[in-house]
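Written below as structure tokens is the structure these notes are about.
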Amino acid sequence: MHYSLWSVLREGLSGGKGWTPAWRDPEPKAEYDAIIVGGGGHGLASAYYLAKEHGLTNIAVIEKGYIGSGNVGRNTTIIRSNYLLPGNIPFYEHSLKLWEGLEQDFNYNAMVSQRGVINLFHSDSDRDRYVRRGNAMMFEGVKAEYLDREGVRSFAPFLDFDNARFPIHGGLLQRRGGTVRHDAVAWGYARGADQRGVDILQNTEVTGIKVEHGKAVGVETSRGFIRSRKIGLACAGNSSRVAAMAGLRLPIESHVLQAFVSEGVKPLINQVILYGAGHFYISQSDKGGLVFGGDIDGYNTYAQRGNLYTIEDVFEAGMAMWPGLGRLRMLRQWGGIMDMSMDGSPIIGLTPIDGLYVNCGWCYGGFKATPASGWCFAHTIARNEPHQLNAAYRLDRFATGHLIDERGTGAQPNQH
Amino acid sequence: MAEAMLTKRFALAGIMVPGRHGKLIGEAGVTIRVVGDIAVAHVSARKGQNAALLLVLARMVGAPVADQPQRVARDTLSITGISPGQWRLVVRGHNSEATLRAAIAELQESAVVTELGDGLFLADISGPRARAALAKGIAIDLHPGAFKVGAAAQTSASHIGLHLALIDDKPTFEMISAASTAGSLWSWLTSSCGEYGCDISV
Amino acid sequence: MRIGCPYCGERWNDEFVVLGDADAMMKHPAEATFALFYDYVYLRDNPAGRHRELWYHQGGCRQWLVVTRDTLTHAVHGVETARCAAQDIEAAS
Amino acid sequence: MSAQPYRLATGGLIDRKRPCHFRFDGREYTGFAGDTLASALLANGVSLVGRSFKYHRPRGLLSSGAEEPNALIELRRGAAREPNTRATTIELFDGLEAQSQNRWPSLGFDLLSLNRWAAPFLGAGFYYKTFMWPASFWEKVYEPLIRRAAGLGRAAGADDPDHYEKSFAHCDILVIGAGPAGLMAALTAGRAGARIILANEDFAAGGQLHGDGGNINGTAAAAWVNGVIAELAAMPHVQIMPRTTIYGVYDGATYGAVERVNDHLLSVPAFEPRQRHWRIHARRAVLASGAGERPLMFANNDLPGIMLASAARTYLQRFAVKPAGRVVIATSCDDGWASVDAALAAGVAIAAIVDTRSEVDEALLSLGRRSGAAIYCGGDVVKAHGGHRVGAITIRNATGSNTRHACDGVWMSGGFSPLIHLTSHLGARPQWDEQLQAFVPGQNLPAGLAVAGAACGDFALGACIAAGQRAGIEAAQACGFSAPAAEPILCPETSAAVGVITLPRTAAGPVFVDFQNDVTAKDIALAAREGYSSPELAKRYTTLGMATDQGKTANINGMALLAAARGKSIAQTGTTVYRPPYTPVSFGALAGHHRSKDFRATRLTPAHHWAQEQGAVFMEAGAWMRAAWFPKAGESDWVESVIRETKATRSSVGLCDVSTLGKIDIQGADAGVFLDRVYCNTFSTLAVGRARYGLMLREDGFVMDDGTTSRLAPAHFLMTTTTSNASKVMQHLEFCHQALWPDLDLHMVSVSEHWAQYSLAGPRSRDVLQRLVDRQHDISNEAFPYMGAREITISGGLPARLYRISFSGELAYELAVPARYGDATVRALMAAGGEFGITPYGLETLNAMRIEKGHVTGSELNGTTTARDLGLGRMMSTKKHYIGRVMEERPALRDERRWQLVGLKPVDRSHRLKAGGHLVGRHEPAVTANDQGYVTSASYSPMLEQWIGLGLLSAGDKRHGEIIRACDLLRQSEVEVEVCNPVFFDPKGERLHG
């Protein structure tokens, strides 16, 4: 059913008995035109755009648990396109544009809130790097603003300007950046895809990928074999494990990124603020909770939890940036498994196996990329070739040396 | 000699203020004595010379030395294990540099010795609340049953690397850390001792 | 998480720096062929379960260690120095 | 105003001799030491304490502990204000000030309570379905309104004035909770000699014993508790930590805890922290966290006056407060009946007792009959009536007819759920126990953790105590202590707390499941109907369990409703996973000492104080503080200082502190071989007494670091690294040695801290040095040429090292002395240079001079540049293998269009060039397609008397002389620049050899 003010009023008056399931719970078919493995944000978005943009409707999304149980439900909800390198900016900017029209597009309020993202810098060399980044954005037609110290103060007077170990010199502002209600993204795409005929198979685990003569032919699942000549993997932290089912080794390590939310308080900050002298970023949700995070724990893991050191590190950076946080409290912490790539940038593309496509390597950047990732992956699967927007995200770039290394830390995934 | 021409400046000069700190009432729970004059060398066993080196080191301090994180001392000279086949020699007191050089001469055959120019500071921390104060930054177990007299550890406090050894059961902990971060470590240490009252002396 | 350093004893993971898959990263190719080096630099095991990996005890004895750890439970099943492990590799090859 | 009208005349664990005056919403009240804010408010007849999140419904105290969803207040004032603090856990102190929150204009009259009339439209997830039109209204209209209405209390909005700290602890056994099971576990293991930490969230030990009373071993419960605590306190190996919450379990038997050291005082005493964060390593742990009572589900079950039965008993017996005068007891378990005696003893009338079970033990029934209450077995509470407080209740009896009873309190018990949060922090899923009607700890508990007492379903006191004893024995034995055999503890048979979860059978109004977030039974049903039917989806869609109490009283009822809506059992549906923290933890505690200047260590060089005396302006360079420039009177900005410092240096002599460089001492027979492998150029051929510039690549072929390395003896090298990469390079070299080539005869030690190092640059630098260097060392140009490196002595015997190397392009030396002599040496150099006008210079001048010379630093060595990019391709040896060689040969790294290092000069000499601008063709638009590189560094050049810069430009090597544009669109500046050789000044390097 279509969601609208009227449907809410009508159902309110009639006791809500008319609300129908947001998506079906279908039985798997024997064969699909395309299968997406992974019912997270990227997988659901891929299915949605395959149906919407490429007219493929006989498709299935196969999810081991419940939809959105991966990183789309465990992140700090930030969206932005303030990237540095040519391979990245157009892609993330496309993503931001899709975010901007998403709710009307899939008729679900994901609360896309373009409240602004500020990256703080704390030294002259930091500043030069951010200026370079801001200019890269401006060259792409993406508006960025340079804030000096006083400029930052006008947005966030509560930061530590007077007694900081690393004084704030200024910031780079992208006003179009912001936050999104993360769970709603998965739900909106799921509902949109379902309405276009996509089968969302929850609690269905892929246990094998069948390849014959170098071509993908289908997947073994906990509910039987499902045939398909196009299989897209969008498995985030589990990418290596799933790709291994097809005998594929990926330049990926799985790491845990922890995130946190505070108790709800009345509005304190509007922007998303990223600290430059330590790994810390924070925003406030519409419910009032401060949502924040820091660095990955740094060791390979598939356990969706982290350790105390990283937690303490995040809070130290938080207090260093904003000493008024002291009496607020962490309410809940969680961890998501990040598919950290060897250059810190994603991989969306073909593989050496015909009909098998990968979408992985999102590092921290997966959430904000969700719409463009789905959009590009859908294109890549439908046309069997990448779109110009994801052309740089080839799997073979590590062999050719066409790396997209924003941080310049090289083949060390836990440094990206 | 050089000492006559150029004077040394100790790492904690301008940072450490002798006297009572923190809580003023009652006996000080922690006593910190800063040993200003030290000389330090890094000793690494030459290939195949580990056993020979251990004998030389043992002779120097008149007690067995093991390839373990332990501190053995005689008079002003101490030898502390810091890594397999590696030790740190520390001489305290006025004639520290000369004493150290004499020791180094004995070691040449079995070890590669790197004289460190003393970018370090050393403090003895003792008193009934010393363990409680140190536990505010040091993550290893300092319980007398776990960290016994003679035990040594390289670890950190307040994100700053340091070397800790227990030299007697008063207890007195020897702490050695880099000069460059001495001010920050000092800020942590004195803040941690504050609630117990702290006597600082040179 | 706590890692038992063979020299220093058990310490929290704050004191360590992690590099990654020990089996891949310690087998520095003897031959300078591109294929071998591509594997060496970019393809590391990323298993769910037991994993041998390189940890550096930066905050302690500064030794590189090979830690066998379960990536699902974070349980540490064994620690040896990289020096010993490397000598084993050499002896085996 | 009558003082504490609801305080009982006797009893309670309160100190009636120590009255505490406090304010709530501006009104003054009095309580006693030993009270919580909640009990003190109740004693004063305050039953309305908060408003709910969504509908702003009036709320009273539901509980007496950490699970409280309703009584959230703002504690203290000004910068110390703490929002969302649970009144049930605040220890009362004299001078306490608290305010209600999330209401306007007042708690009694809250305009947003009008929301309740819109409730039919505000069901679960309503916001996902609306607020989308027009698109621009979300951010402009809807969201600001929602944000303002949402949120709970107000943050202080000022810097936290208090101090926090952290501490580490280790023990054999950590006992979590000091109720009967925890006390017994600690006592048993403590007697066996184990090192124990007994952590208790409450300020008083005893747990629910204080609510339920009774006798243990013939003494009153409170006395028994005191006896155990006294015995434990006398054991030196036992640490009792009251006011300490174990909030999380982490890997490696690590427990996170927060000790509220001084939250029970008006202000924090000097030198003490407000709170202390503990990281505890425990070989074994005993979780004795008890159990939490579940509310019953009926319409308007959230009205003030309706509370958990165990909480009511706690207020009556621990705090000597009468929460109500006439109550209805509503229960689905035997334990609810325990309130009958407690009520009667305190003079509380019982209007009715409702038990949802049709069969109730005869002993309970006769107890009930003695109270004179109407008794309904197999009945239901249909609905509570009232405004700001419950005034009556409608009960449906087993045959379906309704009766209304007037009352001012309802004490309810829906059975108990073990508090097993900590058991699932490492991933173990709770399991449904049909017998207990509760989730119990699942398989795969955290290593070393055992659960005892009510937390494990041992609800009866005797079983609870026995379980504690057993856990103590097992834990002690596991730690190697011989524990005594269990001894019998005598205590009364208590009623079982096993309760049947009863779903609401009628819908006479909103039935609250999650009180704080206003999640109703209807919301859960809606979520299930709409497909959000897994527990995690239902939770996220309805916000069940996501409030500040994390659903402690809500989750199990919610899961029962969800299971029912899906037509499944609770065992089939399961529950959500508990994540840390058990109760919220303050930012301050988790940050500890590390805020403001103490966030991270500051590194100072040995000459820092000297530089300070010279009036240096410092800048942060990583952890270091480095002199940026040395302003003289009359200089208005750094450029003027740089001009003076550079000119003085280039014309005579300047001095710069370069102590921050990384320095690694490398010795051993294979040192040369090793350096050949880690540097791309060759070092084994370097002569003793010489230095060479070295370039180190990463294994992936990109440049990692650079620096000069000197050979001091045949088997002794001294490597320098850049300041920022010092630790990374050391780690890399150790890896190469230990993991790749362990057989090399090699010894490495970082000596960065141990050598203070000063650069003396300029034509008179040798003249200055000669005054310090002892006479036996010949440092003439012939004896000690460019790139010489030597161990010398200065000032009459001080060992030092001298390198003739130059970053500035001048005749220059770096003199290294032991760190303790750094301060004296710099002063001696300044004195010796006085007659030449020696000038100290800082990083800015260093930067200006190195750009003039085209030397690269971190801005160019940014991890994405190759040796070729930087014009250093020739350094890569073709005669040997080295790290990075193979991957450097990848096509993309050899592409001729790569960005290469160039010099950039504004065509108009008056234009200023800034780093960060991108490079495009002279007449091309500034768009990505034309992006050809960027300005990596820029400075004013005192020698060229204009701004100059270095840049990375596509195929830049071949474009010298071309005019292009540096576009800094971000700062609205575009400068035409000429591409040139990056060496601007003295391109032939003649000055070096002077």
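Each protein sequence line maps, in turn, to chains W, U, E and G. Here the first sequence is numbered in our numbering, starting from 79 and rising by one per residue. Here the second sequence is numbered in our numbering, starting from -19 and rising by one per residue. Here the third sequence is numbered in our numbering, starting from 208 and rising by one per residue. Here the fourth sequence is numbered in our numbering, starting from 54 and rising by one per residue. Ideal Cβ positions, reconstructed from N, Cα and C, are used throughout, including at glycine.
At least 9 Å separates the CB of Pro124 (chain U) from every CB of chain E. When only Cα atoms are considered, Arg218 (chain E) and Ala306 (chain G) end up about 12 Å apart. Taking one beta carbon from each stretch, the segment 862 to 882 of chain G and the segment -15 to -1 of chain U have 3 or more pairs nearer than 8 Å; the two touch. Taking a beta-carbon distance threshold of 9 Å, Thr379 (chain W) counts as an interface residue toward chain E.
Contact annotation: His438 (chain G) and Asn353 (chain G) have beta-carbon atoms nearer than 9 Å. Between Gln336 (chain W) and Ala381 (chain W), the alpha-carbon positions lie close to 11 Å from each other. Taking 9 Å as the CB threshold, Glu297 (chain E) stays off the interface with chain U. Sequence-distant Cβ neighbours of Ser777 (chain G) in its own chain, meaning closer than 7 Å and more than five residues away, are Gly675, Gly911. Runs of the beta strand (DSSP E) lying entirely within the segment 364 to 448 of chain W, each at least 3 residues long, are 367 to 378, 407 to 419, 425 to 428, 434 to 438 in chain order. Here Ala62 (chain G) is exposed, its C-beta having fewer than 16 other C-beta atoms within 10 Å. Beyond the five residues adjoining it in sequence on each side, Val726 (chain G) comes within less than 7 Å, by CB distance, of Ser737, Leu797 in the same chain, given in chain order. Among the CB atoms of chain G, none fall inside 9 Å of the CB of Gly354 (chain W). Bounds of any alpha helix (DSSP H) do not take in Cys733 (chain G), whose DSSP letter is neither H nor E. By the C-beta density criterion, Gly264 (chain G) is buried, having at least 16 other C-beta atoms within 10 angstroms.
DSSP, reduced to helix, strand and coil, places Val401 (chain G) outside both helices and strands of the structure shown, so it counts as coil. Looking from the CA of Lys142 (chain W), the closest CA among W:His247, W:Asp240, W:Glu298 belongs to W:Glu298. Of the residues assessed, Phe565 (chain G) falls on the buried side of the cut-off, its CB having 16 or more other CB atoms within 10 angstroms. Straight-line spacing of the CA atoms in Ala792 (chain G) and Asp948 (chain G) works out to 33 Å. Residue range 455 to 459 is occupied by the beta strand (DSSP E) that includes Asn455 (chain G). Chain G has a Cβ within less than 9 Å of the Cβ of Trp219 (chain E). Taking a beta-carbon distance threshold of 9 Å, Arg26 (chain U) counts as an interface residue toward chain G. The alpha helix (DSSP H) runs of length 4 or more contained entirely in the segment 78 to 112 of chain G are, from start to end of the chain, 90 to 96. Any Cβ of chain G closer than 9 Å to the Cβ of Val224 (chain E) would place that residue at the interface, and such an atom is present. Fully enclosed beta strand (DSSP E) runs of no fewer than 3 residues occupy 223 to 226, 248 to 252 of the segment 211 to 278 of chain W, in order along the chain.
In this structure, Trp101 (chain W) places its C-beta atom within 9 Å of the C-beta atom of Ile278 (chain W).
Ile351 (chain W) and Ile196 (chain W) have their C-alpha atoms spaced approximately 5 Å apart. Annotated three-state conformation of Lys650 (chain G) is helix, per DSSP.
Taking a C-beta distance under 9 Å as the contact criterion, Ala211 (chain G) and Gly131 (chain G) qualify as a contact pair.
Under the 8 Å Cβ criterion, the segment 31 to 44 of chain U does not count as touching the segment 234 to 245 of chain E, having fewer than three qualifying pairs. In the structure shown, the three-state DSSP call for Arg824 (chain G) is coil. Of the candidates G:Thr762, G:Val756, G:Glu666, G:Leu1023, the residue whose Cα lies closest to the Cα of Gly(-6) (chain U) is G:Glu666. Here Thr917 (chain G) is buried, its C-beta having at least 16 other C-beta atoms within 10 Å.
Residues of chain U with a Cβ closer than 8 Å to the Cβ of Thr878 (chain G) are, in chain order, Leu(-14). Look at the beta carbons and you see the segment 349 to 364 of chain G not touching the segment 484 to 500 of chain G: under three pairs across the two are nearer than 8 Å.
Runs of the alpha helix (DSSP H) lying entirely within the segment 347 to 400 of chain G, each at least 4 residues long, are 362 to 370, 391 to 398 in chain order.
Counting every other CB atom within 10 Å of its CB across the protein chains shown gives Lys193 (chain G) a total below 16, marking it as exposed.
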